[in-house]
Ligand code: FEO
Ligand code: CA
Ligand code: CA
């Protein structure tokens, strides 16, 4: 088994480095017409009215006016390259929780020098913190939060150099990933976790789950251990998050493919199963040796087990004994997050990105409406799944994934959603990461983080990924944020208008389309937008997971960071920088909106406490205890 340093690469890059896809020699399409920075933005649909009607790029040409009217309550900070967290003057940050910190007093003594014992590993805060949501319940403040993947060299004894050598090693990995639910409280010294709270809970790779919705019970969902196809174990590679209007947590299974392998390299599979493995990137060798010690992850023995991952899972943080629910109605792909909003008639709308190069953006619309007190059990399964199609004229449409549009049956559309989206004719995107919808305007945004394959080779389904209007740059290094406004100001509408809120780039290095849109400048350089949330005032918070070497194409970007954008003027400013090596991911506000909780994933060096680097959640407040969202 290889021994990669997973701490410095995104999951996608790590996967590609160690398990490269075959080059597509028959695909050498080169884009003839690069879209100029100014020319592209001039064509952007202008949202809003009056002065606000100008697109982001045009608006920034009146930067003096924009500065006067700035809605930001702080002085933006410069890029940083050091090993610390920085926030603006007038703000402060404190540690809330680090990987390995106990949730229960019985886990005291957790020793990070050897990655911790397997016995303690399901009683502590998990590794690689990611999406999170806060909940207020009967006077208790709760956070539900994801733990995306392990950092092998850190999580196993140094002598093993990160190579799992036993079932216990694999069990430790399985335990430190998944989800934590924990109660927090604010005291004179800031926020802390309530040790032994009855709400504290770890959900991991062996936690029993229900499978519900149209694909539950389908033959492709059945295994030897679960002949009903309705009960699986564990949730994995939990990336972004979501929150329902009825107060439950949604955790999103992203790079689930990396957990499966085969002990028999000559294993043969049913054609549909084999096609699914190819499209979803399931290989003979898993990332962390699961198949060597846990037969559930051995596809030669359990070819359907991968079909039971790649879903969105609903967890009730207020009921520690509740069984998490996998909702097949929301489709199976590499789910980034789940942005839930309501249509004008109360139907539930869930926006979802599939984070892989050249995959798609989706939305689900429920058949029934939500209202306080209604039965919510079927809301996330009884409805229609759509894939986004963006037109060059800045219009777009949501294409329903149905037997008629895909040639697939209803259950297979959900199990092999990527194939359904290809068949329906969605627009291939530059790695859709988080979607955020505005609470003050009927519009939504999606981070398209980067895509080195744009215009270079097709996606794993063979779909053409030539540059297109919302993904205009070949071999896109920097990423962009697309935004759309649904027709009739209704998120259930099938039509929309769209524009690019920002194209990240580097105008200090490039003068072509790599310079980015005009709201990118020397003072706010960033690349690879990923996490995103819109606060109660409508400001757009953007977190990055990109190249932080601060050199060449990325000179002046500094460490990964969090910025905030004005949706009307297009102005974007830097609010926070993370320690070098990290990705900044996960953002939630305390119920009183006086604290922002922010995740620092896979920091480098020895952040935060001088020893083993530890993914952590920090609490950011204004020094005067004012509102921060
Ligand atoms: Fe887990 Fe696409 O980020
Ligand atoms: Ca992400
Ligand atoms: Ca990312």
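Residue numbers (our numbering): 1 to 629.
The C-beta atom is built at its ideal place from N, Cα and C for all residues, glycine as well.
Buried or exposed (CB count within 10 angstroms, at least 16 for buried), residue i
| i | result |
| --- | --- |
| residue 130 | buried |
| residue 621 | buried |
| residue 570 | buried |
| residue 23 | Below a pLDDT of 50, predicted positions are generally treated as unreliable, and residue 23, at 42, falls in that range; the measurement from the model is reported next regardless. By the neighbour-count rule (16 or more Cβ atoms within 10 Å), residue 23 is not buried but exposed. |
| residue 533 | buried |
| residue 134 | buried |
| residue 407 | exposed |
| residue 546 | buried |
| residue 106 | exposed |
| residue 668 | Here the chain covers residues 1 to 629 and nothing more, so residue 668 does not appear. |
| residue 150 | buried |
| residue 625 | exposed |
| residue 166 | exposed |
| residue 87 | buried |
| residue 367 | exposed |
| residue 544 | buried |
| residue 512 | exposed |
| residue 114 | exposed |
| residue 535 | buried |
| residue 64 | Model confidence at residue 64 stands at a pLDDT of 44, short of 50, so the residue's coordinates are unreliable; what they give is reported in the following sentence. Its Cβ having fewer than 16 others within 10 Å, residue 64 is exposed. |
| residue 595 | buried |
| residue 590 | buried |
| residue 603 | buried |
| residue 518 | buried |
| residue 374 | exposed |
| residue 363 | buried |
| residue 371 | exposed |
Cβ separation of residue i and residue j, assumed to be a contact under 8 Å, to the nearest whole Å
| i | j | result |
| --- | --- | --- |
| residue 264 | residue 300 | 4 Å |
| residue 110 | residue 100 | 5 Å |
| residue 586 | residue 565 | Actually they are not in contact, since the Cβ atoms of residue 586 and residue 565 sit about 18 Å apart, beyond 8 Å. |
| residue 580 | residue 559 | 5 Å |
| residue 504 | residue 479 | 5 Å |
| residue 450 | residue 431 | 6 Å |
| residue 630 | residue 195 | Residue 630 falls outside the range modelled here, since the chain spans only 1 to 629, and no answer is possible. |
| residue 193 | residue 184 | 6 Å |
| residue 388 | residue 427 | 6 Å |
| residue 287 | residue 258 | 4 Å |
| residue 200 | residue 103 | 4 Å |
Beta-bridge partners of residue i, as assigned by DSSP
| i | result |
| --- | --- |
| residue 347 | 369 |
| residue 607 | Answer is none; residue 607 lacks a bridge partner. |
| residue 102 | 124 |
| residue 446 | 435, 482 |
| residue 197 | None; residue 197 has no bridge partner. |
| residue 596 | 589, 620 |
| residue 564 | 541, 573 |
| residue 328 | DSSP, once it has assigned bridges, lists no residue as partnering residue 328. |
| residue 534 | 540 |
| residue 451 | 476 |
| residue 208 | 233 |
| residue 202 | 180 |
| residue 357 | 430 |
| residue 251 | 241, 313 |
Neighbourhood of residue i by C-beta, 6 Å cutoff - its chain only, sequence neighbours within 5 removed
| i | result |
| --- | --- |
| residue 340 | 242, 244, 350 |
| residue 276 | 416 |
| residue 447 | 433, 434, 481, 529, 530, 532 |
| residue 490 | 343, 344 |
| residue 476 | 430, 450, 451, 454 |
| residue 425 | none |
| residue 209 | 232, 324, 326 |
| residue 77 | 86, 88, 574 |
| residue 437 | 339, 341, 444 |
| residue 295 | 301 |
Cutoff 8 Å; reference residue i; Cβ partners in own chain excluding five residues on either side
| i | result |
| --- | --- |
| residue 30 | Only weak support exists for where residue 30 lies, its pLDDT of 25 falling under 50; the coordinates are left without a value. |
| residue 403 | 409, 410, 413 |
| residue 492 | 343, 344, 345, 347, 349, 365, 486 |
| residue 612 | 112, 113, 154, 606 |
Cut-off 7 Å between Cβ atoms - residues of its own chain near residue i, not counting five sequence neighbours on either side
| i | result |
| --- | --- |
| residue 223 | 302, 304, 305 |
| residue 381 | 212, 213, 214, 327, 328, 329 |
| residue 204 | 122, 174, 175, 177, 178, 234 |
| residue 198 | 320 |
| residue 308 | 211, 221, 232 |
Do the segment 177 to 190 and the segment 231 to 246 make contact, defined as three or more Cβ pairs closer than 8 Å? Touching, yes.
Contact between the segment 284 to 301 and the segment 178 to 198 is defined here as three or more beta-carbon pairs at a separation below 8 Å; is this criterion met? Verdict: no, contact absent.
Between the segment 251 to 271 and the segment 151 to 161, do three or more beta carbon pairs fall short of 8 Å? Short answer: they don't touch.
Quick one: any contact between the segment 438 to 447 and the segment 411 to 424, if contact means 3 or more CB pairs under 8 Å? Output reads no: the segment 411 to 424 does not touch the segment 438 to 447.
contact_flag[the segment 313 to 328, the segment 135 to 142] where n(CB pairs < 8 Å) is 3 or more: The segment 313 to 328 is in contact with the segment 135 to 142.
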